[in-house]
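J.:
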Amino acid sequence: MSNTDLSVAEEDVNRMMEDVIGPLLDLNLDLYEISYILNALVWHIEERKVLESTSNTAEEVLDQIADELHEHYTCDLRMTNYAARLNHILSLIWAIEKYQQVLLMICGMMGAGIKQEIL
Numbered sequence: 001m002s003n004t005d006l007s008v009a010e011e012d013v014n015r016m017m018e019d020v021i022g023p024l025l026d027l028n029l030d031l032y033e034i035s036y037i038l039n040a041l042v043w044h045i046e047e048r049k050v051l052e053s054t055s056n057t058a059e060e061v062l063d064q065i066a067d068e069l070h071e072h073y074t075c076d077l078r079m080t081n082y083a084a085r086l087n088h089i090l091s092l093i094w095a096i097e098k099y100q101q102v103l104l105m106i107c108g109m110m111g112a113g114i115k116q117e118i119l
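Be aware that the sequence shown starts at 1, since it is given in our numbering, and climbs by one per residue.
1) Can you check which of these residues, ASP19, LEU51 and GLU10, is closest to ALA95 by C-alpha distance?
2) Considering ASN39, what are the terminal residues of the alpha helix (DSSP H) in which it resides?
3) Leaving out the 5 sequence neighbours to the left and right, which residues in its chain are closer than 8 Å to ILE93 when beta-carbon positions are compared?
4) If you count every other CB in all the chains shown that lies within 10 Å of the CB of ILE89, and 16 or more means buried, which is it?
Here's what the structure looks like:
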């Protein structure tokens, strides 16, 4: 891996720290919210080529976890207005999805560098 590649990767990691890690810590998420985020990341498959039945299942799961998070906020936590918090959580999910690609690219560059060193 070249120094330029390392510099770009370092910049991406620094941006990820600002866009993902900071908000993640600031939100002080509970287990329901963490579960919502993880499920949303797994089941958000709009841009993937999957069977229609898989797409339908994913949509059902996303609807269900949204309903469960609503129940958690309104019944368990007795929150009447959680819109801003949910907006922060959705922004966090979008940032994580964005950086998934960056991390895969960085891992690919590192893997290519390791492969070349072996050869």
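No residue lacks a Cβ here, since even glycine has one placed at the ideal position from N, Cα and C.
T.: With the given structure in hand:
1) ASP19
2) 31-43
3) ILE37, ALA40, LEU41 and HIS44
4) buried
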